[in-house]
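Numbering (my numbering), first residue to last: 51 to 281.
Here the structure comes first, spelled out in C-alpha cells, and everything after it is commentary.
Written out as C-alpha cells, the structure reads:
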C-alpha cells in the first residue's frame, strides 16, 4: 500500500504579520479614539475628518519610520556580529570550536558524537559563522530590503486601519450619528482583525478578537469622556 507523502506546512511570514499587526492595531485604535474624543467636544464632521486624516498621515509616517529604523538597526547589528564571528573563527578557532561543541552538548550529545561534527564544520568557515550566528547568538540574517518593506507595511496598515473609523464622518453630517456608526464599524473591524491575528499567532482566535476589541473600546471611551468633560 503506497504511503502518503508527509508535507509540513509552516508559516514563514512572521515578520510581515508582525508589521501588519503593529500598523493595523494602532491604526484602528488611535484615529478611532481621536474621532470619538472630538465627537464629544464638537459637532462638526469636517473638523473630525480633517483632524483624523492629519493624524493618520502623521501616524503612518512616524510608525513607518520607526519600523524602518528598527529593521535597519537589526541589519547593522547582524552585520557587526557577523564580522566579529568571522574574525574569531580565524584568530581563535579552538575557542570557537569549543563553543560549537557546547551548543551540541546542550542537546545531550556526547563528546564522541560532537567531535566529528565540530571538525567537519570547522572546515567550512562560512557555514561555521552561520552556525555561530544562529545557535550561539540567536540571530537570523535579515532579508534584503527588510527595512523598506517594514516601513511600507506598517505605514500602509496604519493608513488602512485609520480610515475605517473615519469613513462614517465622511458621509454623515452629524458627528453624533458618525460616532455611532464609527463605533460599530471599528469594533467589528477590531474583532475581525483580532481573530485573524490570533489565527496567525497561534493564540486563541476568539480570545484575541475580544481582547483587541476591548482595548480599542477602552481607548475610544476614555478619549470621548475626557473630551466631553473638558468641552
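Just so it is clear, CB atoms sit at the ideal spot from N, CA and C, and this is done for glycine as well.
Around the Cβ of residue 248, a 10 Å sphere holds 16 or more other Cβ atoms; the residue is buried. DSSP places residue 222 in the coil class of the three-state scheme, outside both helix and strand. Spatial neighbours of residue 199 in its own chain (CB-CB distance under 6 Å, excluding positions within 5 residues in sequence) are not present.
The Cβ-Cβ distance between residue 146 and residue 138 falls below 8 Å.
Within its own chain, the residues whose Cβ lies closer than 6 Å to the Cβ of residue 222, once the five positions on either side in sequence are excluded, are 228, listed in chain order. Separation of the CB atoms of residue 241 and residue 259 is rounded to 5 Å, and the pair is thereby assigned contact status at 8 Å. Under the DSSP assignment, residue 137 falls in the alpha helix (DSSP H) whose first and last residues are 95 to 141. Inter-residue distance for residue 110 and residue 170 is about 49 Å (C-alpha atoms, whole angstroms).
With a cutoff of 8 Å on beta-carbon distance, residue 220 and residue 99 are scored as near each other. Fewer than three pairs of CB atoms, one per stretch, sit closer than 8 Å, so the stretch 143 to 157 makes no contact with the stretch 90 to 109.
Annotation note: the stretch 141 to 229 contains no uninterrupted beta strand (DSSP E) run of length 3 or greater.
Taking the Cα positions, residue 118 is about 13 Å away from residue 193.
Per DSSP, the continuous alpha helix (DSSP H) segment holding residue 68 begins and ends at 64 to 89. Cβ neighbours of residue 127 within its own chain (closer than 8 Å, five residues either side excluded): 189. For the pair residue 204 and residue 78, the Cα-to-Cα distance works out to about 12 Å. Listed in chain order, the non-local C-beta contacts of residue 76 below 8 Å within the same chain comprise 109, 113, 208, 211, local neighbours out to five positions each way being set aside.
About 4 Å separates the CB atoms of residue 215 and residue 82; that is less than 8 Å, so the two are in contact. Only exposed fits residue 160, as fewer than 16 other CB atoms lie within 10 angstroms of its CB.
Counting of Cβ neighbours within 10 angstroms places residue 275 among the exposed residues, the total staying below 16. Here residue 257 carries a helix assignment [DSSP, helix/strand/coil].
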